[in-house]
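Numbered by mature numbering (1 follows the signal peptide of the UniProt record, and there is no 0), the letters in the sequence shown go through residues -21 to -1, 1 to 550 in order.
Think of the CB as a built atom: it goes at the ideal place given N, C-alpha and C, for glycine as much as any other residue.
The structure appears right after this line, and notes come after that.
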Amino acid sequence: MTRSPSRAAFALCICASLALAGCSSGNKDGKAAPEKQDINQASKLVANNPKDRGSLEQGGTLTLEIGDWPTNYNGQHIDGNSGDYHGITDATDPILYEWESDGKIKPNKDYLEEMPKVETKDGKQVITYTMNPKAKWNDGTPIDWTAFEAYWKANRAPMDKGGYGNISTTGFEDIASVAKGDAENKVVVTMTKPFYPVPELFQLVTHPKLAADAKTFNEGMKTDFHPEWRAGPFTLDKIDNQAKTFVLKANPNWWGDKPLLDKVVFRQMEDSATIPAFKNGEIDATAVGNKSRYQQIQGAKDLDIRRSQRLVLNVNMFNTKAEGLTDINVRKAIWQAYDREEWKKVRFDGLNWTEKPTDSALFFTFQPEYEPTMPVTHSVDDAKKTLEGAGYAMGGDGFYAKDGKKISIKYTTFGDDPMSRALAQTVQSQLKKAGIDLQIDQRPAASFSETVNKREFGLLAMAWGVTSAWPIANICQTMCTDSQSNYSSTGSKELDERIRKLGSIEDPKAQAKEMNAIEKEWSQQYGQIPMSTSPLVLATRKGLANFGPAAFASLHPRWQDVGWEKNSTHK
């Protein structure tokens, strides 16, 4: 599947990097810091307060905060591919699989009755899906082969060829046909060449009306949520664009287990407003993933601190078309000037957190397939030599220039959390030592998606939030030259060719080896530097069950099972 971006947390989905959430056994002692933990321990933690549905209360409301506000309500469109927004559509849209905490995948039987059957017929790979015959879109349309055909139609070609503003075309370019099988609930997908792993293909499906044509796909949900084109345990109650609030209600058309909650509310908030809102009982969970926020939350009523591994890769994205960053030598010098270990000391101060160097943005360091792919190491002297070798000279102001023009880079970050500012200033100080001027551009949290999609940045603090445990779809999404999610605008036609052959490699170890080799070569264009992973540290209201960090199991929560323990003090 793809990634989503988030504020310094992308599919992949995109996020801003400080949009954190996380879990532990709870904060009963009012400690000023969490217990000591490293990435290998955190990756095994399940801290979502798992409870049987029968032991929980029927009814109630859960109110959550989000930082980003979507610019398109189509979560399958590049402009809707935000980590915060996917947290909403997980409750309203079909996801065909579920993940165990260790990354193992299984069918989500509300939609998919069993894992896909893979055969070879007439020399071609044929994949058969058996859908739950009860599964229907909210307008009554069956979720059958037409939903697969619609998703294929929207994702089989890049936008410059097909017109659809999709996120990733990996695998879908290699489909020959999608057809009804020998029963109404059977779907037969025939490939032009084999694709592995098969579950990375159709993790989502699309209502046929949404994919009817490119214009509808790209613009049909810009301002209209279209709940009738969705299907999940929850559906839209209302959107307040003025107050930037989503309200979801239990879906009366849902065929699976009845949702425990009556409503789920998502409120867009700036970072500084979230801790007071939690303490005042206005929201039921908020990230406390840095020392200041962790300390501020202490003393809140019915506080439960939960902590686990956060499934995002924090990166600094380089817009290679932005002023100051078009020269590969400048980008290389910036990589050499970055002291990522110092950056992590600032980022994780007071959290008792340690992790190995993050030298790749493909696999997590706790995954066996991980390999470092960084082309350079930290050295201020080497950064200066790189610039001087490219014809730059140090000026009297302490900054390098060429042809009378000083190197000056814009660094964009989001939200009003002091940590965002501190990390930006850390990078600013590091680059200054290497003679590179950095100007900080701090923007509201809600402007993240718009800023990213319009490429209004030079350097960008962000993160990629994974949506599955295997990155086969992510690599083209971020590195292919014709991908809209290639925010660095790096890559080459030669790499595109190698990337598009990845799905034909059946052996997972061989496929991972080639993915790592591709990233190693791509990294030599210096378009995206991996900074760290991070812990998930989440303050929740005591009694909230089946919600929170649980490693890969928390990629897509079973929203119908989220609820409140009996006698808890929720609203």
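Asked: If you draw a straight line from the alpha carbon of residue 386 to that of residue 369, how long is it in whole angstroms?; Found: 13 Å
Asked: Hey, residue 451 and residue 481: beta-carbon distance below 8 Å or not?; Found: yes
Asked: Suppose only complete runs of 3+ residues qualify. What are the beta strand (DSSP E) ranges in the segment 76 to 125, listed by chain order?; Found: 76 to 78, 84 to 86, 96 to 100, 103 to 109
Asked: Counting Cβ pairs, one atom from each stretch, are 3 or more of them under 8 Å apart for the segment 280 to 293 and the segment 525 to 532?; Found: yes
Asked: Which residues share a DSSP beta bridge with residue 519?; Found: 264, 283
Asked: Sorted by chain position, which residues of the same chain lie with C-beta nearer than 8 Å to residue 397's C-beta, five sequence neighbours on each side aside?; Found: 271
Asked: Among 330, 59, 135, 355, which has the Cα closest to the Cα of residue 308?; Found: 355
Asked: In whole angstroms, give me the CA-to-CA distance for residue 9 and residue 109.; Found: Confidence at residue 9 is low in this model, with a pLDDT of 47, below 50, so the placement of that residue should be treated as unreliable; the coordinate-derived value is given next. Rounded to the nearest angstrom, the two C-alpha atoms are 50 Å apart.
Asked: On the DSSP bridge assignment, give the partners of residue 200 in chain order.; Found: According to DSSP, residue 200 bridges with nothing at all.
Asked: Are the segment 435 to 455 and the segment 475 to 492 touching, with three or more C-beta to C-beta distances below 8 Å?; Found: yes
Asked: Can you give me the start and stop residues for the alpha helix (DSSP H) that residue 365 sits inside?; Found: 359 to 368
Asked: From 244, 214, 465, 234, pick the residue whose C-alpha is nearest to that of residue 226; which is it?; Found: 244
Asked: Report the partner residues of residue 156 according to the DSSP bridge assignment.; Found: 169
Asked: If the criterion is Cβ atoms closer than 8 Å, does the pair residue 542 and residue 36 meet it?; Found: yes
Asked: Give me the Cβ distance between residue 263 and residue 523, rounded to the nearest whole Å; I'm assuming they're in contact under 8 Å.; Found: 6 Å
Asked: Terminal residues of the continuous beta strand (DSSP E) containing residue 246?; Found: 242 to 247
Asked: When you compare the CB positions of residue 283 and residue 520, do they come within less than 8 Å of one another, or not?; Found: yes
Asked: Label residue 133 either buried or exposed according to how many other C-beta atoms from any shown protein chain fall within 10 Å of its C-beta, with 16 as the threshold for buried.; Found: buried
Asked: Beta carbon of residue 414, beta carbon of residue 304: below 8 Å?; Found: no
Asked: For residue 182, which residues of its own chain have a beta-carbon under 7 Å away from its beta-carbon, when the five flanking residues on both sides are left out?; Found: -21, 74, 75, 76, 447
Asked: With contact counted as at least three CB pairs below 8 Å, one residue from each stretch, are the segment 49 to 60 and the segment 197 to 206 in contact?; Found: yes
Asked: Where does residue 391 sit, in a helix, a strand or coil, going by DSSP?; Found: strand
Asked: Report buried or exposed for residue 33, applying the criterion of at least 16 other Cβ atoms within 10 angstroms of its Cβ.; Found: exposed
Asked: Could you check whether the segment 332 to 349 touches the segment 510 to 519, counting it as contact only if at least three pairs of C-beta atoms, one from each stretch, sit closer than 8 Å?; Found: yes
Asked: Going straight from the alpha carbon of residue 377 to that of residue 320, what length do you get?; Found: 24 Å
Asked: Between residue 71 and residue 246, which are expected to be in contact by the criterion C-beta below 8 Å, what is the C-beta distance as a whole number of angstroms?; Found: Going by Cβ atoms, the distance from residue 71 to residue 246 rounds to 17 Å, so no, they are not a contact pair.
Asked: For residue 544, which residues does DSSP report across the bridge?; Found: 35
Asked: Grab me the residues of residue 494's own chain with a C-beta within less than 7 Å of its C-beta, minus the 5 sequence neighbours each way, in chain order.; Found: 341, 450, 454, 481
Asked: Between which two residues does the beta strand (DSSP E) carrying residue 441 extend?; Found: 438 to 445
Asked: State the Cα-Cα distance for the pair residue 79 and residue 93, rounded to the nearest angstrom.; Found: 16 Å
Asked: At which residues does the alpha helix (DSSP H) containing residue 44 begin and terminate?; Found: Careful: residue 44 lies outside any alpha helix (DSSP H), inside the beta strand (DSSP E) at 40 to 45.
Asked: Would you kindly work out how many angstroms separate the C-alpha atoms of residue 380 and residue 258, rounded to a whole number?; Found: 50 Å
Asked: At the level of alpha carbons, what is the spacing between residue 196 and residue 361?; Found: 48 Å
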